[in-house]
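Number of protein chains: 2
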Amino acid sequence: MITPKIIPQYRRLFEILRKHILEGIYKEGDLLPSEYELCQLYGMTRPTVRQSLSTLANEGYIRKHQGKGSIVHNLPREIGILSVAGTTSAVGNRNLKTTIIVKPVLVQWPSDFMFPLTELEKESGCIYMERVRFLDDIPIFYDITYIANINLPRITSRQFENRSLFQILRDHYNIEIKGGDQRIKAITATSKTGRLLHLRKEQPVLHLERKLETNNPGLFLYSSIFCNTEKYSIFGRF
Amino acid sequence: MITPKIIPQYRRLFEILRKHILEGIYKEGDLLPSEYELCQLYGMTRPTVRQSLSTLANEGYIRKHQGKGSIVHNLPREIGILSVAGTTSAVGNRNLKTTIIVKPVLVQWPSDFMFPLTELEKESGCIYMERVRFLDDIPIFYDITYIANINLPRITSRQFENRSLFQILRDHYNIEIKGGDQRIKAITATSKTGRLLHLRKEQPVLHLERKLETNNPGLFLYSSIFCNTEKYSIFGRF
DNA sequence: TTATTTAACTTGTATTTACAAGTAAAAATA
DNA sequence: TATTTTTACTTGTAAATACAAGTTAAATAA
């Protein structure tokens, strides 16, 4: 069923201004029209305009200065992943799309796996998948995911397109991510990585190897993530 | 000079709720009091309460659900190397050596500094230093440190060779690191970076930009760290 | 001319009011 | 009993209004 949802006014203005910034109509360092001008231009009241601007500021598109105005700050965007479970929650409610490179399949674990495995994990086999995640149509993450095939019926037939792996695990299997380990390196893009992330060969790529713990004590999620940090940075708080 | 600034109401409520969450009075998954209840409890109107809650939501402490309420989401903050204050504690008790590239000097802040600065910071000027840290005689970190020159007498004449900056700040100025933000990118080594880290030019380097909060509310530490991850990975837990 | 003050304009904070829309549990119905 | 409907309560969106506080440039005074 299609939902002809009414888009809130503040959201509409947010999208317009965001588009203008991304298209370069407002450039880095420019002052946006004042709140009062935006009210008149778009027929809204100031609280509504301010909600648009505060959303823009939260996502890093502008910086507000009291007495001065809103200044465009279209710097490389930041993506939070260092302390957050998945790439979906890392990017907030921005325009995130996913394409599947390798659908979930049951395979043997690689012989030289990046983390040591328990006997149970080795015996259970490995659910393997590859995805590329796009932010505003720019490929940002090339995720290779490995999960031990322990109590995950029918997972290989589920639809992962544009959905969060973690959400599927939570909704269908009651699996929550509790924490994890990770290693980070800067490496040079291989030809495959470069192709998937639209990078020239030999370009630097961020490589994360992660082991995530779940509320199921024996079950871990492993992932090898290659990040295109040319335009977006990865950020974290601690 | 101490500024007895008036703290806005919404900020006051934000701090109270944040503290309650961090102290565990509201636990992960709990529902916060409803907006109306908070209004009555703290004698504010709903827009004001909503501003507090939206700030909490933006910083990841709660999640709001229409029709349901605000649910506490006190994500485990990062710990470990990526979250640890300095590079000294990052490498444990291994053989860490430090050489000073640029001794601490008082300079102007760079015009396009990596983080926004307060007026006080801008006025105070910037203590600048560059160091390279070796692990087992391999250069691993090239640190550029920036500190606002606020209440740090004689810091430029102190001895930083083979000592932790954080230890000096703690021992001599009673400054403790409380937390911070960081951004991570994979970049290509510049000629200077490559030379200092013994890398061929064009090699990938991990670049961290960090803003560290201290127990002194107005004082932050900034650093730009270039990591040679050829042999060692950066690791972290969360 | 130079320095200071003023005025105009900007965003920040806050109240009041109203209705829309989502959620969950109680009440009514089959 | 099981299902559906209603109701109460929650957050979401939006307007109109007021004053505080920071910034900038024009007007004024030295």
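These protein sequences, in sequence, are chains U and A. Here the first sequence is numbered in numbering that gives the first Met the number 0, starting from 0 and rising by one per residue. Here the second sequence is numbered in numbering that gives the first Met the number 0, starting from 0 and rising by one per residue. Quick reminder that beta carbons are idealized off the backbone N, C-alpha and C, glycines included. Just so we're clear, the structure is a prediction, and the values are computed from it rather than from any experiment.
Buried versus exposed, by CB contacts within 10 Å (16 or more), residue i
i: U:G66; result: exposed
i: U:K184; result: buried
i: A:Y141; result: buried
i: A:R130; result: buried
i: U:N227; result: buried
i: A:F13; result: buried
i: U:S33; result: exposed
i: A:V101; result: exposed
i: U:L274; result: Nothing about residue 274 of chain U can be read from this structure; chain U reaches only from 0 to 237.
i: A:P203; result: buried
i: A:S110; result: exposed
i: A:L21; result: exposed
i: A:T117; result: exposed
i: U:L196; result: buried
i: U:T47; result: buried
i: A:I80; result: In this prediction, A:I80 scores a pLDDT of 41, lower than 50, which makes its location untrustworthy; the coordinate-derived value is nonetheless stated afterwards. Buried is the call here.
i: A:L151; result: buried
i: U:F40; result: For clarity, residue 40 of chain U is Leu in the given sequence; the question names Phe instead. U:L40 is exposed by the Cβ-count criterion.
i: A:R93; result: Since pLDDT at A:R93 reaches only 48, below the 50 mark, its modelled position is unreliable, and no value is offered.
i: U:P216; result: exposed
i: A:I233; result: buried
i: U:I174; result: buried
i: U:K230; result: exposed
i: A:I5; result: exposed
i: A:G91; result: With a pLDDT of only 44 at A:G91, under the threshold of 50, the placement of this residue in the model should not be trusted; the figure read from the coordinates follows. When all chains shown are included, A:G91 counts as exposed.
Of the residues the options, the one placed nearest residue i, counting alpha carbons only
i: A:L105; options: A:G124, A:F112, A:L55, A:Y172; result: A:G124
i: U:K96; options: U:L119, U:V71, U:L134; result: U:L134
i: U:E208; options: U:F225, U:T47, U:N214; result: U:F225
i: U:S51; options: U:P7, U:I139, U:Y25; result: U:P7
i: A:L119; options: A:L16, A:F219, A:K18, A:E229; result: A:F219
i: U:I137; options: U:I5, U:G28, U:G193, U:P46; result: U:G193
i: U:S222; options: U:P203, U:L55, U:M113; result: U:M113
i: A:D29; options: A:A56, A:T54, A:I61; result: A:I61
i: U:G235; options: A:K230, A:V71, A:T155, A:E58; result: A:E58
i: U:R153; options: U:E175, U:Y145, U:I126; result: U:I126
i: U:R17; options: U:P46, U:S69, U:R45; result: U:S69
i: U:R286; options: A:T187, A:R199, A:K191; result: Since the first residue of chain U shown is 0 and the last is 237, residue 286 of chain U is not available in this structure.
i: A:I99; options: A:Y41, A:Q166, A:M128; result: A:M128
i: A:R11; options: A:G23, A:E27, A:R49; result: A:R49
i: U:W108; options: U:N173, U:S163, U:I143; result: U:I143
i: A:T44; options: A:I15, A:L55, A:Y9; result: A:Y9
i: A:E164; options: A:S190, A:G23, A:R132, A:I15; result: Correcting the residue identity first, residue 164 of chain A is Leu in this sequence and not Glu. When only C-alpha atoms are compared, the closest one is A:R132.
i: A:N214; options: A:H206, A:P115, A:I139, A:Y172; result: A:Y172
i: U:I15; options: U:S156, U:L37, U:E27; result: U:L37
i: U:R157; options: U:I167, U:K230, U:N148; result: U:I167
i: A:R182; options: U:G42, U:I176, U:I149, U:L205; result: U:L205
i: U:H64; options: A:P115, A:Y35, A:K63, A:I149; result: A:P115
i: U:G178; options: U:E212, U:S190, U:K121, U:E122; result: U:E212
Residue i - containing beta strand (DSSP E), residue span
i: U:H197; result: Where U:H197 is concerned, there is no enclosing beta strand (DSSP E), given that its DSSP letter is neither H nor E.
i: U:T98; result: 95-106
i: A:A56; result: First-last for A:A56: 45-57, but that is the alpha helix (DSSP H), not the beta strand (DSSP E).
i: U:S223; result: 219-226
i: A:S69; result: 68-71
i: U:K121; result: No beta strand (DSSP E) contains U:K121, which is instead part of the alpha helix (DSSP H) from 118-123.
i: U:P109; result: Premise fails: U:P109 is in no beta strand (DSSP E) and is neither H nor E.
i: U:D142; result: 137-147
i: A:I61; result: 61-64
i: U:L207; result: 203-213
Cβ-Cβ separation, residue j to residue i (assumed contact under 8 Å), whole Å
i: U:K210; j: U:D180; result: 5 Å
i: U:Y145; j: U:V71; result: Incorrect: roughly 41 Å between the Cβ atoms, too far for contact.
i: U:P103; j: U:T54; result: 35 Å between Cβ atoms; not a contact.
Start-to-end residues for the alpha helix (DSSP H) that takes in residue i
i: U:H19; result: 8-22
i: A:H171; result: 164-172
i: A:K37; result: A small correction: the amino acid at residue 37 of chain A is Leu; Lys does not occupy that position in the sequence shown. A:L37 -> alpha helix (DSSP H) spans 34-41.
For this session: Can you give me, in chain order, the residues of the stretch 171-192 of chain A that have a beta carbon less than 8 Å from any beta carbon in chain U?
Result: G178, G179, D180, Q181, R182, I183, K184, A185, I186, T187
Exercise. At a Cβ cut of 8 Å, what residues of the stretch 142-153 of chain U count as close to chain A, listed as they run along the chain?
Worked result: none
For this session: Can you give me, in chain order, the residues of the stretch 47-70 of chain U that have a beta carbon less than 9 Å from any beta carbon in chain A?
Result: S53, N57, R62
Exercise. According to a CB-to-CB cut-off of less than 8 Å, which residues of the stretch 220-235 of chain U neighbour chain A?
Worked result: C226, T228, S232, I233, F234, G235
Exercise. When you check each C-beta in the stretch 109-134 of chain A against every C-beta of chain U, which residues fall closer than 9 Å?
Worked result: P115
For this session: With 7 Å as the limit, tell me which residues of the stretch 202-217 of chain U have their beta carbon closer than that to any beta carbon of chain A; keep them in chain order.
Result: P203, V204, L205
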